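Taking it in order: structure first as structure tokens, then the write-up.
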Amino acid sequence: MNAPNVFYTTGSATQAQVPGGAPRQRKARPLFLEVLPRSLIILCTALAIVLSSIAVCDGHWLLVGGGRMFGLWHFCTLEAAVERTASPNCTTHLGVSGVAVGMGLCRSMVSLAVVGAIFGLELLVISQVSEDRDSGRRWGLGSALLLVAAALSAGGVVVFVALLRQQASPLGFTLTFWCQFIAVFLLFLNGMAARHINHMALQAPPRG
Numbered sequence: 011m012n013a014p015n016v017f018y019t020t021g022s023a024t025q026a027q028v029p030g031g032a033p034r035q036r037k038a039r040p041l042f043l044e045v046l047p048r049s050l051i052i053l054c055t056a057l058a059i060v061l062s063s064i065a066v067c068d069g070h071w072l073l074v075g076g077g078r079m080f081g082l083w084h085f086c087t088l089e090a091a092v093e094r095t096a097s098p099n100c101t102t103h104l105g106v107s108g109v110a111v112g113m114g115l116c117r118s119m120v121s122l123a124v125v126g127a128i129f130g131l132e133l134l135v136i137s138q139v140s141e142d143r144d145s146g147r148r149w150g151l152g153s154a155l156l157l158v159a160a161a162l163s164a165g166g167v168v169v170f171v172a173l174l175r176q177q178a179s180p181l182g183f184t185l186t187f188w189c190q191f192i193a194v195f196l197l198f199l200n201g202m203a204a205r206h207i208n209h210m211a212l213q214a215p216p217r218g
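Heads up: the sequence shown begins at 11 in the working numbering, then just goes up one per residue.
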């Protein structure tokens, strides 16, 4: 016959001794190991959105010889005026046959990428502000949106370079183009990191 449980009472606290010993609680995970990487992902994602927004709004991505500039939204040439100042003469006609449809696709892809990244960042922030059972789902959806935004941004860059490959040169790409190029990598790396953290959080034991 099993021995009954023995109770020890000290003041207002009551402790029960269970045969075989009470199960030990799991050690809580350090909070900074969760907060720091998630905060860095959110910060780098915001930086990528700023860089991509500047690149898309400016749109001056390629400078070639003869004072010509190819952009997302228009094509410009610099004409010397009488006062020896340079004034841009811009038009929506790029001067290259067969690129109108491709440039429209490029503009759509990079613009949708910025919108998708903004919604992804919002989901990441909301998942950290509201700690409920749906926070992990919001974080996972936000990381997926970041990867979609990275794919759209990379597609827009590839389409732009492919359309103007005859005029393009490594030294001809402007600073705004390289901002978009860096934003592609930031969105991809942060999307993959956020997805990996979410996968680790799903497999980790509960805290406390």
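C-beta atoms are modelled at their ideal positions from N, C-alpha and C, and glycine is treated no differently. Being a predicted model, the structure only gives us computed values, none of them experimental.
- Residue environment, S62, which counts as buried when at least 16 other CB atoms sit within 10 Å: buried
- Task: Drop a sphere of 10 angstroms on the beta-carbon of S137, count the other beta-carbons inside from all chains shown, and report buried for 16 or more, exposed for fewer.
- Result: buried
- Query: Buried or exposed: S140, going by 16 or more other Cβ atoms within 10 Å of its Cβ?
  - Reply: exposed
- Can you tell me which of the three DSSP states G81 falls into? strand
- Based on the DSSP secondary-structure assignment, which residues constitute the bridge partners of V74? R78
- Item | L133 beta carbon less than 8 Å from that of L115 | Using a Cβ distance threshold of 8 Å, L115 and L133 do not count as a contacting pair.
- Task: Could you pull the start and end residues of the alpha helix (DSSP H) that E132 belongs to?
- Result: 110-139
- Helix, strand or coil at T186 [DSSP, three-state]: helix
- Query: Can the beta-carbon of G166 be found closer than 8 Å to that of A123?
  - Reply: yes
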